[in-house]
Amino acid sequence: MTEIELSSSAFRDREPIPERYTQDGDNVSPPLSWSPAPAGTKELVLMCEDPDAPSGTYLHWLVTGIDPVRDGVATGRTPFGGTAHLNAFGDEGYDGPGPPIGDPAHRYVFRLFALPEPVAFPDRVSADEAHRALDRRRLAAGTLTGLHQR
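Note that this note's numbering gives residue 749 to position 59 of the sequence shown, counting from 1, and the numbers run on in steps of one.
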């Protein structure tokens with residue numbers, strides 16, 4: 691399977707996410723860029739999740755329908771052509787890191803999936819449900835992990 695290189699100009703892989711992109715700051719999504727999707731990609735899907743959340747993997751952001759010719763998204767924006775879904779907070783779009791005070795640093799994993807056909811999700815979907823649908827369909831994927839602790 692092909693891999694997509696996913697990165698941010700705001701932080702490096704496995705390094706702290708700047709406060710601006712967390713619930714302690716402006717709570718806006720970070721700028722992201724990615725390498726070209728493989729041939730046959732009809733849709734990109736972007737998600738951000740916290741696998742260290744006390745209640746299980748917590749969905750912070752899910753965007754489907756992203757134009758596959760695009761190569762990134764600016765701070766605080768929904769990727770071009772994308773539809774933002776409800777996150778685990780019950781909000782549409784991005785809600786940044788906000789782990790419990792005193793917890794060790796949580797990992798916030800941004801994932802980009804290249805799909806050969808559009809995917810449909812119900813109004814509310816969990817991170818695990820999204821993975822089940824995306825993992826079996828993907829042509830390629832990429833990850834970027836940021837850390838945050840309060």
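Note that CB positions come from ideal geometry on N, CA and C, so glycine has one too.
- In the three-state DSSP reduction, Y798 falls in the strand class (E or B).
- Counting only residues of its own chain and dropping the five nearest sequence neighbours on each side, D740 has a CB closer than 6 Å to the CB of Y748, H796 and Y798.
- A straight line joining the alpha-carbon of D781 with that of A817 spans about 14 Å.
- Put simply, the region 752–762 touches the region 723–735. At least three CB pairs are less than 8 Å apart.
- For the 8 Å CB-CB criterion, D761 and P726 form a contact.
- Checking the DSSP bridge columns, you'll see S723 partnered with S697 and G762.
- Residue range A830 to H838 is occupied by the beta strand (DSSP E) that includes L834.
- L752 is the residue among R702, F701, L752 and V718 whose C-alpha sits nearest the C-alpha of L802.
- One thing to note: R827 has its Cβ no nearer than 8 Å to the Cβ of P794.
- Of A774, I791, G788 and H838, the smallest CA-CA separation from V815 is found for A774.
- Annotated as distal: P744 and H838, with beta-carbon spacing of 8 Å or more.
- In this chain, D818 is not harboured by any beta strand (DSSP E); it is covered by the alpha helix (DSSP H) spanning A817 to D825.
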